[in-house]
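Inspection log for the structure reproduced underneath, given as structure tokens.
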Amino acid sequence: MNDLINGILLVLNVKSILMMTLGAILGVVVGAIPGLTGTMAIALVLPITLYVSPWMGIPLILGIYKASGWSGSVGSILLGTPGNAAAAAMVLDGYPMKQQGKGMKALKASLVCGVFADFGSDVITILVCAPLATLALMFGPPEFMLLIIMALMVIASVGAGSFWKAVIAAALGLFFSLVGMDPVLSTPRLTFGMYQLLSGINLVPLLIGAFAFSEMIQKMMNMTEDSAVIKTSLNPSEIKENNSYTFREFRSTFKSVVRSTLIGTWIGLLPGIGSGVSPWVGYSAAKRSSKHPEEFGKGSLEGLVAAQAASNSVAGANLIPLLSLGIPGDTTAALLIGVMMAHGLIPGPLIFDRTPDAVYAIFATLIICDLVYLLVGLVTCRVCGNITMVRNSVLVPIVTVLCVIGTYAYNKSIFDVFVMVFFGLLGFAMKRNGVNVPIFVIAFILGSMFETNFRQSLVLLDGNLLAALGRPVSAVCALMIVGMVISNLYRFYKERKKNAA
Amino acid sequence: MLMGEKEGRSASMNKKDMAFSLICIAVSLLFIFWVIPNDVPTSSLSGDIPAAALPTGMMCAILVAGVAVLLEAVSGKKKVQEDEEENDGDKLNPLRFAVILAVLVGYVLALDNIGFYVSTLCFLTLGLYYYNRPRLSLVKTALISLIFLVCVFLLFEKGLVVYMPRGLLF
């Protein structure tokens with residue numbers, strides 16, 4: 001009980017709430033500008049969070065994360081252009097609603113239902129995390145090794161694009177994580193004589209390079225297209241009810257919102273799938289069970305809120321594998337792991353035992369953030385139209401400089417800036433060739449954990465990894481991996497057969 | 001999209017995939033046979049694998065996946081749908097890319113040699129001037145850059161006590 005109260009008090013203070021508010025404002029602005037994403041904003045503010053207490057840094061990041069989850073839909077509703085991949089499904093009914101003069105209603109409905117879904121997902125996260133971590137305490141190195149293999153397989157098999165390119169991304173991420181001192185022998189490995197690489201490749205330059213700098217290079221290459229700004233406005237309708245989202249409307253769509261929340265939470269729980277898939281699943285489930293499926297795609301409020309709820313509910317659930325197993329489920333969780341580790345908080349089952357107040361503080365932040373971004377969203381609804389008109393041609397040089405500043409500020413090292421540029425170019429090349437960058441980053445983060453557990457298992461089992469099958473949890477994990485390989489091969493075979501036909 | 005257009009796009013994607021897979025194969029072979037054997041120590045612990053095993057394993061995975069992508073590209077059976085989602089800018093202008101790369105690397109080198117504030121002022125002013133159409137005046141872009149740098153100075157140097165690199169100039 002003491003830990004609970006201490007944890008809540010860590011973030012229930014003016015500084016933390018101010019950081020959440022700042023994060024929510026940043027999240028709304030960045031998410032609403034087409035082409036900029038919350039992930040990019042988090043990567044850029046990440047170095048700043050290292051100079052403040054974790055209970056100012058983590059609320060800032062969660063504020064951006066949650067608010068950008070909703071504001072990505074602003075472009076979908078007002079311009080018919082999604083701010084990010086997760087917001088694509090919101091175009092289907094959001095944009096027609098705007099064309100019918102219900103733009104303000106659509107924004108408010110998506111905000112309220114998004115926050116509701118976020119809250120629901122947070123509650124489930126709080127309930128699930130601790131029992132899962134208790135279960136994970138029974139895991140030894142072989143189990144963790146198999147769990148990481150399983151997570152990478154899920155990510156590679158369900159991620160967008162080619163399976164083989166996902167394998168390349170994962171292998172490349174794991175390879176870069178091996179740079180530095182060998183964990184067993186403590187001798188340099190793949191450092192090419194550079195002493196800066198002895199401690200391995202720093203996570204922050206890699207994150208900023210792969211997520212933000214690569215995007216800036218991409219934009220610089222295609223700037224002529226971005227210079228054309230789509231003008232939009234959000235003039236409130238003369239019909240009063242077109243501007244508000246009433247409780248009656250919320251009640252009428254309640255079932256769809258709850259269903260989508262559960263769908264999004266389940267999808268968020270699985271590593272790597274993320275909010276790109278969940279809105280579509282939530283939307284089609286709502287359409288199938290709706291009394292008016294014919295209205296879907298023509299400005300249906302139910303369709304919009306179902307997609308939004310499914311998208312937002314992924315946010316909380318993504319923290320379940322992070323907090324209880326130490327495995328980041330998506331890119332933002334990967335960024336959050338960077339902040340936590342920099343402050344000495346190591347996510348995984350032991351965090352519940354060693355620093356329970358920190359876990360409760362994160363849970364409390366999740367809940368308070370929902371309320372904060374609801375308020376920020378309601379206040380900024382009217383100016384959202386103006387935010388979407390910010391020109392990329394002004395932002396790109398500024399964000400490029402911010403990438404440099406953020407990387408330098410992290411370690412005060414020009415070498416890190418070069419590392420950031422290298423990973424920016426690598427990320428750019430990966431994106432151009434359809435290679436999934438988030439898989440690469442998650443594999444990089446899991447890499448050192450994988451190697452340590454893998455080599456500990458080898459020493460523990462005297463070089464015979466098959467002996468791990470004698471351990472019940474390992475055997476279950478191994479069976480699941482075999483099942484996944486078989487299902488992937490079957491899917492691959494079916495696709496080839498379909499292509500041949 | 002017309003059928004011919006689709007086929008043309010698919011062919012160009014296959015060419016791109018071929019180039020990509022060949023790079024993957026070449027890089028992985030280079031690492032497997034030259035870099036890793038020369039740069040990774042060996043382990044003598046009982047049960048442990050050589051320290052080179054994992055890096056080599058990862059490179060082998062890239063090699064196998066690269067060959068698979070190459071085979072897919074050569075057989076031309078790649079789905080058009082996949083082509084469409086892969087990226088939005090197919091045409092890479094090599095000259096533009098080279099100029100952007102040179103400017104970025106030049107800027108990073110200048111940070112330590114000339115100094116953060118002067119090099120960033122130049123980079124931002126030119127960047128804002130070049131990319132904005134209709135063009136903003138040089139004075140306006142310099143002013144935006146200056147305001148931005150003042151904010152950076154106040155936040156980082158005064159607020160967070162992070163001193164930006166000083167070179168020959170400020």
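Going down the list, the sequences are from chains A and B.
Position one of the first sequence corresponds to residue 1 (my numbering), numbered consecutively onward.
Position one of the second sequence corresponds to residue 1 (my numbering), numbered consecutively onward.
Every residue gets a Cβ at the ideal spot worked out from N, C-alpha and C, and that includes glycine.
Note that the structure is predicted; figures quoted are calculated from it, not measured.
8 Å Cβ cutoff met for residue i and residue j
i, j, result
"Val11 (chain A)", "Thr365 (chain A)", "yes"
"Ile208 (chain A)", "Leu44 (chain A)", "yes"
"Ser76 (chain A)", "Gly27 (chain A)", "no"
"Lys16 (chain B)", "Asn433 (chain A)", "yes"
"Leu146 (chain A)", "Ser474 (chain A)", "yes"
"Met59 (chain B)", "Ser21 (chain B)", "no"
"Ile327 (chain A)", "Leu269 (chain A)", "no"
Neighbour flag for residue i against chain A, beta carbons, 8 Å
i, result
"Cys151 (chain B)", "no"
"Asn14 (chain B)", "no"
"Ala51 (chain B)", "yes"
"Gln81 (chain B)", "Because Gln81 (chain B) sits at a pLDDT of 47, beneath the cut-off of 50, its placement in the model cannot be relied upon, and the point is left open."
"Pro183 (chain B)", "Missing from the structure shown is residue 183 (chain B); chain B here goes from 1 to 170 and no further."
"Glu86 (chain B)", "Legend: pLDDT at Glu86 (chain B) = 47, less than 50; position of this residue unreliable, value from coordinates given subsequently. By this cut-off, Glu86 (chain B) is an interface position."
"Ile100 (chain B)", "yes"
"Met18 (chain B)", "no"
"Pro37 (chain B)", "no"
"Ala65 (chain B)", "yes"
"Arg96 (chain B)", "yes"
"Ala110 (chain B)", "no"
"Leu124 (chain B)", "yes"
Contact with chain B by residue i, beta-carbon distance below 8 Å
i, result
"Glu451 (chain A)", "yes"
"Tyr51 (chain A)", "yes"
"Ile5 (chain A)", "no"
"Arg432 (chain A)", "yes"
"Ile217 (chain A)", "yes"
"Pro397 (chain A)", "yes"
"Tyr408 (chain A)", "yes"
"Lys537 (chain A)", "Residue 537 (chain A) lies beyond the stretch modelled for chain A, which goes from 1 to 501, so this question has no answer here."
"Ala171 (chain A)", "yes"
"Lys15 (chain A)", "no"
"Leu304 (chain A)", "no"
"Leu178 (chain A)", "yes"
"Asp182 (chain A)", "yes"
"Ile25 (chain A)", "no"
"Phe175 (chain A)", "yes"
The alpha helix (DSSP H) enclosing residue i, as first and last residue numbers
i, result
"Ser290 (chain A)", "From DSSP, Ser290 (chain A) is part of no alpha helix (DSSP H); its letter is neither H nor E."
"Thr5 (chain A)", "The displayed chain sequence assigns Ile, not Thr, to residue 5 (chain A). First-last of the alpha helix (DSSP H) with Ile5 (chain A): Asn2 to Val11."
"Arg391 (chain A)", "No alpha helix (DSSP H) contains Arg391 (chain A), which DSSP labels as neither H nor E."
"Pro37 (chain B)", "Ile36 to Asp39"
"Lys102 (chain A)", "Unbroken run through Lys102 (chain A): none, as it is neither H nor E."
"Met221 (chain A)", "Ser214 to Met221"
"Asp330 (chain A)", "It is not in any alpha helix (DSSP H) - Asp330 (chain A) carries neither H nor E in the DSSP assignment."
"Gln456 (chain A)", "Val437 to Leu460"
"Lys15 (chain A)", "Val14 to Ala32"
"Gly434 (chain A)", "Taken as a continuous stretch (DSSP letters only), Gly434 (chain A) belongs to no alpha helix (DSSP H), as it is neither H nor E."
"Cys60 (chain B)", "Ala53 to Ser75"
"Gln308 (chain A)", "Leu301 to Ala317"
"Ala364 (chain A)", "Pro356 to Thr380"
"Tyr65 (chain A)", "Pro54 to Leu78"
"Ile239 (chain A)", "Run containing Ile239 (chain A): none; DSSP gives neither H nor E here."
Identity of the residues DSSP links to residue i by a beta bridge
i, result
"Gly115 (chain B)", "B:Arg166"
"Gly180 (chain A)", "A:Arg189"
Within chain E, the residues that residue i reaches when beta carbons sit closer than 7 Å
i, result
"Ala68 (chain B)", "The chain inventory of the structure shown lacks chain E, comprising the protein chains A and B."
* To do: Pair every Cβ in the region 348-368 of chain A with every Cβ in the region 309-326 of chain A, then say whether three or more of these pairs are closer than 8 Å.
  => yes
* Asked: Would the region 447-455 of chain A and the region 128-135 of chain A be scored as touching if the rule is three or more Cβ pairs under 8 Å?
  -> no
* Does the count of Cβ pairs from the region 242-252 of chain A and the region 98-116 of chain A closer than 8 Å reach three? -> yes
* Is it true that the region 171-183 of chain A meets the region 55-62 of chain B, where meeting means three or more beta-carbon pairs spaced less than 8 Å apart? -> yes
* Taking contact to mean at least 3 C-beta pairs separated by less than 8 Å, is the region 405-419 of chain A in contact with the region 108-127 of chain B? -> The region 405-419 of chain A makes contact with the region 108-127 of chain B; the number of CB pairs closer than 8 Å reaches 3 or more.
* Please determine if the region 196-210 of chain A and the region 436-450 of chain A are in contact, where contact requires at least 3 C-beta pairs separated by less than 8 Å. => yes
* To do: Please confirm if the region 299-306 of chain A is in contact with the region 247-261 of chain A, defined as three or more CB-CB distances below 8 Å between the two stretches.
  => yes
* For the region 342-349 of chain A and the region 132-139 of chain A, state whether three or more C-beta atom pairs, one from each stretch, are separated by less than 8 Å. => yes
* Report yes or no: do three or more beta-carbon pairs, one from the region 403-410 of chain A and one from the region 46-66 of chain A, lie closer than 8 Å? => yes
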